[in-house]
Structures are given as structure tokens and as C-alpha cells.
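Asks:
Chains as they are written, first to last, in full-length UniProt numbering: chain X, 1 to 347; chain R, 1 to 344.
(1) Do residue 104(X) and residue 68(X) have their C-beta atoms within less than 7 Å of each other?
(2) For the stretch 248-271 of chain X, which residues have a beta carbon sitting closer than 8 Å to at least one beta carbon of chain R?
(3) Counting beta carbon pairs with one atom in the stretch 38-54 of chain X and one in the stretch 247-259 of chain X, are three or more of them shorter than 8 Å?
(4) Please list the terminal residues of the continuous alpha helix (DSSP H) segment that includes residue 273(R).
(5) Nearest chain R C-beta to residue 209(X) closer than 7 Å, yes or no?
(6) What does residue 60(X) reach in chain R if we use C-beta pairs closer than 9 Å?
(7) Quick check on residue 174(R) - is its C-beta less than 7 Å from some C-beta in chain X?
(8) Measure the C-alpha to C-alpha separation of residue 176(X) and residue 202(X) and round it to an integer number of angstroms.
(9) Taking only beta carbons into account, state which residues of the stretch 162-180 of chain X come closer than 8 Å to chain R, listed in chain order.
(10) Taking the DSSP output, what are the residues bridged to residue 233(R)?
(11) Please specify which runs of the beta strand (DSSP E), each continuous and at least 3 residues long, are wholly inside the stretch 228-267 of chain X, giving them in chain order.
(12) If the cut is a Cβ gap below 7 Å, which residues of chain X does residue 271(R) touch?
(13) Got a sec? Which residues, its chain only, sit under 6 Å from residue 251(R) by beta carbon, not counting five neighbours each side?
(14) Residue 158(X): which of 278(R), 6(R), 5(R), 31(R) sits nearest, CA to CA?
(15) Judging by CA-CA distance, which residue of 27(R), 219(R), 79(R), 269(R) is the nearest neighbour of residue 180(R)?
(16) Is residue 123(X) close to chain R, meaning its C-beta is less than 7 Å from at least one C-beta of that chain?
(17) Does any CB atom of chain X fall closer than 7 Å to the CB of residue 264(R)?
(18) Please confirm if residue 221(R) has its CB atom under 7 Å from at least one CB of chain X.
(19) Could you say if the stretch 309-318 of chain R and the stretch 237-254 of chain R meet the contact criterion of at least three C-beta pairs nearer than 8 Å?
(20) I need the DSSP call for residue 152(R), collapsed to helix, strand or coil.
(21) Determine the chain R residues that contact residue 197(X) at a beta-carbon separation under 8 Å, and present them in chain order.
(22) Taking the alpha-carbon of residue 69(R) as reference, which of 61(R), 76(R), 168(R) has the nearest alpha-carbon?
(23) Please confirm whether residue 278(R) has its beta-carbon closer than 7 Å to some beta-carbon of chain X.
(24) Could you pull the start and end residues of the beta strand (DSSP E) that residue 301(X) belongs to?
(25) With DSSP as the reference, please indicate the residues paired to residue 54(X) in a beta bridge.
(26) Give the straight-line distance between the Cα atoms of residue 173(R) and residue 93(R), rounded to the nearest whole angstrom.
(27) Which residues in chain A have a C-beta closer than 9 Å to the C-beta of residue 177(R)? List them in chain order.
(28) For residue 346(X), decide whether its Cβ has a neighbour in chain R, counting only Cβ atoms nearer than 7 Å.
(29) Alpha carbon to alpha carbon, how far is residue 259(R) from residue 381(X)? Give it in angstroms, no decimals.
(30) With a cut-off of 7 Å, does the C-beta of residue 326(X) fall near any C-beta of chain R?
(31) Roughly how many angstroms lie between the CA atoms of residue 332(X) and residue 265(X), to the nearest whole one?
(32) If the criterion is Cβ atoms closer than 7 Å, does the pair residue 130(X) and residue 182(X) meet it?
(33) Taking the DSSP output, what are the residues bridged to residue 310(R)?
(34) Hey, out of 237(X), 101(X), 199(X), 102(X), whose CA is closest to residue 269(R)'s CA?
(35) Give the straight-line distance between the Cα atoms of residue 311(X) and residue 263(X), rounded to the nearest whole angstrom.
(36) Pop quiz: residue 49(X) and residue 192(X) are said to be a contact at Cβ under 8 Å. What is the actual Cβ separation, rounded to whole angstroms?
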């Protein structure tokens with residue numbers, strides 16, 4: 001099938017032992033059946049996550065970014081069919097039974113969600129919830145678990161951890177709650193931490209605090225972090241590597257500085273031009289593209305971005321493969337942006 | 001200089017907070033003594049963290065929740081003195097667009113009826129006139145009337161639903177549109193489309209906006225002037241270009257520093273600088289300047305004396321004892337500013 005890609009991106013750099021990926025995702029496919037229609041939510045997603053590094057997965061709603069990580073966590077409904085491979089430090093996650101998945105989830109790979117208020121139990125103190133998480137994954141006594149909980153609260157830099165331990169979620173601010181969620185997620189020293197829009201609901205000032213914390217934890221604990229976001233600026237500021245998804249496919253992928261310095265995929269370019277910039281004067285019109293992402297229940301011929309792309313030609317009816325065109329820079333496009341603004345306007 | 005469309009003076013809004021069992025806990029100082037003008041055709045951005053009083057201020061301005069004290073003069077008429085009945089007439093001049101379009105559109109109604117609802121209650125139109133008006137409004141917000149008239153909200157995407165909400169908001173030719181985080185939940189590409197739509201309507205219909213958002217870059221994009229709120233008070237209000245280039249209030253500066261930036265041309269990212277700490281409780285705001293507990297330049301006077309909103313260099317007003325200069329250093333004899341000014 002033309003839309004399926006089986007290309008395997010490998011990181012071009014290998015500057016030491018720490019570079020061995022802790023998670024290798026290969027050709028991950030997620031399919032739902034809804035009202036008799038087959039919905040392909042993820043179509044051949046491949047990536048690596050290395051210890052102590054942060055990978056950002058960027059895309060609009062419906063691009064398949066959340067479905068991809070939920071498939072890794074085994075959090076999709078039973079109606080979802082997952083194929084492909086996800087190797088977490090030697091263990092295959094795709095096709096794992098519920099019982100076995102439960103040992104991996106929260107233990108080896110854990111997740112922080114967008115809304116900390118809805119993820120925490122309002123009737124339990126913060127401390128009790130962390131203790132619960134600690135004791136689920138380890139056989140330790142109550143006292144030891146409580147000590148570990150305080151330690152975790154200190155790790156996520158929650159002010160006055162001994163006091164907060166006894167408080168309830170409603171007594172904490174949004175940022176503090178998200179710190180508690182991160183503490184719970186870290187209770188078992190996971191190898192991979194997934195932050196799914198973890199700062200989207202927070203204020204800019206709090207967002208910066210939480211991102212700093214994630215970056216710091218990644219370095220200190222060597223945890224691999226996958227951040228899911230729609231915010232390019234956030235990804236550019238914090239992630240080591242960026243993966244751009246569109247209509248269930250990876251369309252561009254590179255190390256952060258390389259990707260944003262040399263954007264190749266017209267879709268990524270369009271995203272970049274649509275974000276308001278603090279540096280731009282007021283009332284300047286934003287460059288927008290029309291149309292919508294394709295309906296996931298329809299079969300797409302060729303490049304999924306073709307109907308909205310200004311550079312599209314007849315060639316694009318054939319799906320471009322995700323290839324490493326420049327060293328470490330992967331993209332799926334027949335007519336990549338060259339980066340020369342003069343050429344852009346003339347062509 | 002033309003007359004302001006809306007003059008807000010010394011608005012105070014306070015709520016009683018009750019703890020478990022209905023025990024009186026204290027008073028939430030949601031909005032404390034805020035004044036500003038809104039000119040015809042002007043967009044005033046309102047920014048601040050959660051709980052800074054942005055939405056409360058907007059609701060107090062249009063008298064949805066009557067403010068404790070202060071006055072709101074709209075076209076020469078003080079709204080605070082009006083009865084509920086009189087207010088209803090004035091309200092057709094103010095329309096709100098909220099964050100989640102789906103929760104503000106009746107899911108059972110067809111788009112035609114959703115958009116026509118304000119017309120039905122404020123104008124008496126014939127069937128044909130009503131349909132013609134709705135078609136015109138949908139056209140104006142960039143939705144094809146033939147396709148969308150008969151649809152229901154659940155058949156729309158988020159961006160389309162927000163366009164419908166905007167069509168309804170402009171149905172009665174309002175003077176002011178209040179956008180309360182109106183684009184925060186939309187995807188980047190849709191967000192840009194809706195921002196451009198707001199701009200188009202501003203130019204074509206001569207609308208004024210109160211644009212409430214927590215995203216500073218978006219606010220810069222649409223606003224002529226920006227008001228920065230902290231714990232229910234104005235920290236700074238100024239023309240947006242000046243404010244973003246040379247913020248005078250340390251809080252404005254901190255907010256701008258925490259925005260992750262990305263230069264679309266070079267691809268170089270600007271890593272945010274974090275402002276430590278949380279916003280104090282509005283039940284018991286700090287004495288003097290409310291920002292002093294998190295301010296890197298706070299001095300003794302900041303705890304003792306509440307700074308007044310004063311004109312500052314380059315235009316606008318700032319409430320700070322040591323407003324920042326063009327180099328971001330505190331002035332008015334602040335030790336750090338004085339140190340930097342000394343020849344080495």
C-alpha cells in the first residue's frame with residue numbers, strides 16, 4: 001500500500017553509550033472501527049527515544065500524536081487494533097496482554113496528562129496518592145513509602161513538601177498539582193516519561209516552571225521524555241528532537257536546532273508561519289492555509305497534505321516516503337521548502 | 001482625540017468566600033480599583049495569570065455581575081445605575097465570545113436558529129429578512145450559508161463552531177466584542193484563521209474588542225493597547241508595541257520572559273526565563289505592591305506603600321515604585337539601577 005511507510009529512522013549521531021535508544025518504535029499502526037468505518041489513526045509511525053533526551057511530537061488535533069503514545073501505554077480501548085513494534089529496553093510492548101502491560105505501565109513507562117485536577121483523586125491527600133503509587137510498584141512498608149513520597153515531592157521541587165504531603169488536591173494551585181502528577185509518574189523510576197500536553201492548561205509562567213523541571217529531571221535521572229504538544233515554540237525551546245505528525249503520519253523529523261533552522265516540509269512551514277510572534281507588530285496579518293486535515297476514515301491517495309499545499313504538483317499523487325534527505329533530517333515531501341525566501345516567492 | 005466608547009473607573013469587585021460548612025472565610029479581592037478607557041475601533045488586550053481577575057473584570061464591566069463600586073460609562077450613560085431591564089437594551093452593544101464554542105451553542109438547534117437567536121429577541125424580522133440576515137452573517141465569518149444553515153453544532157469542527165459563535169456575536173451590530181480566551185482551545189492553523197477573521201471584522205465593522213487571553217503573543221497580534229493584570233490590579237497598561245519592546249513593570253517583563261519564542265526565519269528558539277513562585281491568594285493579597293513577593297527588585301517601600309498607576313516614559317501607565325528603563329533596569333534611585341549607572 002502506498003501510504004504505508006516502512007522506513008526506519010535511525011539517529012545519525014552516535015556519540016557514546018548513552019545514545020542507545022531506550023524505546024524503539026517501528027511502523028506503529030493504530031486502527032479503529034467506528035460505525036463500520038475503518039479509521040487509521042496512526043500509519044506507520046517510527047521513532048527512537050534515547051535516555052536523558054526529550055523528544056517532542058508535534059501536531060494538530062487528530063494528527064495521531066496522542067493515539068501513538070496511548071498505544072505505547074496500552075491505554076487505547078479494546079476496539080483499537082495496534083500493529084507494528086515498540087521495543088522498550090528489550091521488551092516488546094505491542095501485543096502484550098493486559099496483565100503484563102499493567103506491570104510495564106507506570107513502572108517502566110509512565111504518563112502525565114493535560115489536566116492535573118482531573119487526574120488526581122480529590123478525596124485523597126496528595127501524600128496518600130504518591131504512597132499508593134510507590135507501593136503499587138514496590139513492596140515497601142508504609143513508613144518507607146511515605147519517606148519516598150516526601151523525597152519525590154522534593155525531587156519535583158514542590159515547596160514545603162512535608163506540609164503538602166497532608167494536603168488535598170484542591171488546596172494546591174494548577175502548577176503544584178502538575179508537580180504532584182509528575183512525582184506520581186516518577187514513583188517507580190520509569191525509563192520513559194510521557195507528558196501529553198502537560199503544560200497546555202497552565203499559565204505561561206507556570207508552564208515555564210514545569211518545563212524547566214522536566215528538562216532538569218531528564219538530565220538528573222536520565223529519564224527519556226516524550227512531550228506531546230501543539231506548541232512549536234515550546235518544542236523548539238526544550239526538546240532535543242522534534243517529530244512532526246500530520247494525518248497519522250510522521251512528515252518531518254530531526255534534531256530541534258536542525259529542524260527549525262531548515263524546515264523542509266511545507267506543513268511544518270505553514271505551522272510556523274501561523275503562530276503569532278511577540279516580535280511581530282500588532283495587526284499584521286498571519287499567513288494561513290485553508291482546508292482541513294483529511295478525514296481519517298477516507299483512504300488518502302498520495303501525500304496527505306497535498307490538498308492544502310501550495311507546492312503540490314501531480315507528483316504528489318504518489319505518496320512521498322519518509323527519507324533521510326539531509327544528515328539526520330527526515331522528511332516526506334517531493335517539493336521541500338529550500339529556505340531561500342526569494343526562490344519561495346518566485347516559484 | 002475622539003471620545004472613549006467605554007470609560008471604566010475604579011471598578012472594585014469582591015466576593016465572599018465560604019469554607020466548609022458555609023463558614024465565612026474571607027473576602028476574595030478579585031478586582032481592585034481598575035480604570036481604563038476603550039476607544040472606538042480599538043482592541044484592548046487583557047493579560048494575566050489564572051485568578052488575576054481578567055474574566056471578572058469583563059463581567060463587571062458589562063454588569064453581568066454588578067461591581068461593588070466604580071463606574072462604567074458607555075456612550076455617556078453610566079451602566080452601574082441602570083436597572084436590569086434597561087441593561088438588557090444596552091447589552092445588545094456588548095457581545096461575548098467564549099473559549100469553548102460547543103458549550104456556548106445549543107447542540108439541538110440548527111445553525112440558522114443559533115445565529116438568529118439574538119435577532120429574534122431584539123429585532124422583529126420577517127422570515128425572509130431573518131434568513132437573509134443569517135446568510136449575510138455566515139458569509140461574513142467565512143462559512144458558506146448553503147452548506148451550514150441546516151447543520152447542527154455537533155456537525156462542525158472547533159474552528160467552524162467558533163465562527164458560528166462569532167456570527168451570532170455580531171448579529172446585533174455590537175459596539176464591543178469581549179473575547180474571553182476565544183481562540184485558546186483551537187489548533188494553531190485554525191487559531192490563525194480566527195485571528196484574521198477578528199481583524200477583518202474590526203476593519204469592516206469598526207468593532208472594538210476587549211481581548212482576554214493568557215497567550216501574550218496572540219494578544220500582541222491583535223491589540224492596540226494591552227493591560228497587564230496581577231491579582232486583580234493593573235500592573236501596566238500601554239500601547240502594545242511599546243510594552244512588548246520595553247516593559248516597564250517587572251511583572252510584565254517576567255511574563256514576556258516566560259513565553260517560549262521561535263524565530264520563524266532563523267528557527268532559533270528563545271528558552272523562557274522562569275519566574276519563581278505562585279500567585280499569592282486573593283483572599284489575603286500582599287500589602288503594598290501585590291507583586292513584591294515575587295519581584296526581583298522589591299525594596300522595603302514596596303511592602304509599605306501601594307504604588308499608584310502613573311504615566312511612564314514611552315507612553316502608557318505603570319504601577320511600580322521602580323519602573324524599568326529601556327535596558328530593563330529599575331529606576332527612581334533603586335540600588336541596582338544606580339549601581340549600573342555608575343561609571344566602572
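Ideal placement from N, C-alpha and C gives every residue a C-beta, glycine not left out.
Replies: Quick answer:
(1) In this structure, the beta-carbon distance from residue 104(X) to residue 68(X) does not fall below 7 Å.
(2) Taking 8 Å as the Cβ-Cβ cut-off against chain R, the residues of the stretch 248-271 of chain X that qualify are 256, 257, 259, 260, 261, 262, 263, 270, 271.
(3) Inter-segment contact for the stretch 247-259 of chain X and the stretch 38-54 of chain X is present: three or more beta-carbon pairs are separated by less than 8 Å.
(4) Careful: residue 273(R) lies outside any alpha helix (DSSP H) and carries neither H nor E.
(5) Judged by the 7 Å Cβ criterion, residue 209(X) is in contact with chain R.
(6) Neighbours of residue 60(X) across chain R, judged by C-beta separation under 9 Å: 187, 188, 189, 190.
(7) Closer than 7 Å: no.
(8) Each residue's alpha carbon lies about 10 Å from the other.
(9) Residues 173, 174, 175, 176.
(10) Beta-bridge pairing links residue 233(R) to 230(R).
(11) Here the runs fully enclosed are 241-246, 249-255.
(12) Chain X residues near residue 271(R): 237.
(13) 230, 235, 291, listed in sequence order.
(14) Comparing Cα positions, the closest option is 278(R).
(15) Looking at the Cα atoms, 219(R) is the closest of the given residues.
(16) For residue 123(X), no Cβ of chain R is located within less than 7 Å of the residue's own Cβ.
(17) Among the CB atoms of chain X, one or more fall inside 7 Å of the CB of residue 264(R).
(18) Nearest CB-CB separation between residue 221(R) and chain X: below the 7 Å threshold.
(19) Because the criterion of three Cβ pairs below 8 Å is met, the stretch 309-318 of chain R and the stretch 237-254 of chain R touch.
(20) Coil, per DSSP.
(21) Those do not exist, as residue 197(X) stays about 11 Å from chain R at its closest Cβ, beyond 8 Å.
(22) If we check each option's Cα against that of residue 69(R), 61(R) comes out closest.
(23) Cβ-Cβ to chain X under 7 Å: yes for residue 278(R).
(24) Element bounds for residue 301(X): n/a, residue is neither H nor E.
(25) Under the DSSP definition of a beta bridge, residue 54(X) partners with 225(X).
(26) C-alpha of residue 173(R) to C-alpha of residue 93(R): approximately 7 Å in a straight line.
(27) No chain A is present in this structure, whose protein chains are X and R.
(28) Note that residue 346(X) scores a pLDDT of 39, beneath 50, so its modelled location is shaky and nothing firm can be said.
(29) With chain X represented from 1 up to 347, any question about residue 381(X) goes unanswered, as that position is not in the structure.
(30) Chain R contact via Cβ: absent.
(31) Roughly 7 Å between the two C-alpha positions.
(32) Pairing residue 130(X) with residue 182(X) gives a Cβ-Cβ distance that is not under 7 Å.
(33) In DSSP, residue 310(R) forms a bridge with 318(R).
(34) Closest in alpha carbon position to residue 269(R), among 237(X), 101(X), 199(X), 102(X), is 237(X).
(35) If you take the alpha carbons of residue 311(X) and residue 263(X), they lie about 14 Å apart.
(36) Contact between residue 49(X) and residue 192(X) is confirmed by a C-beta separation of about 6 Å, below the 8 Å threshold.
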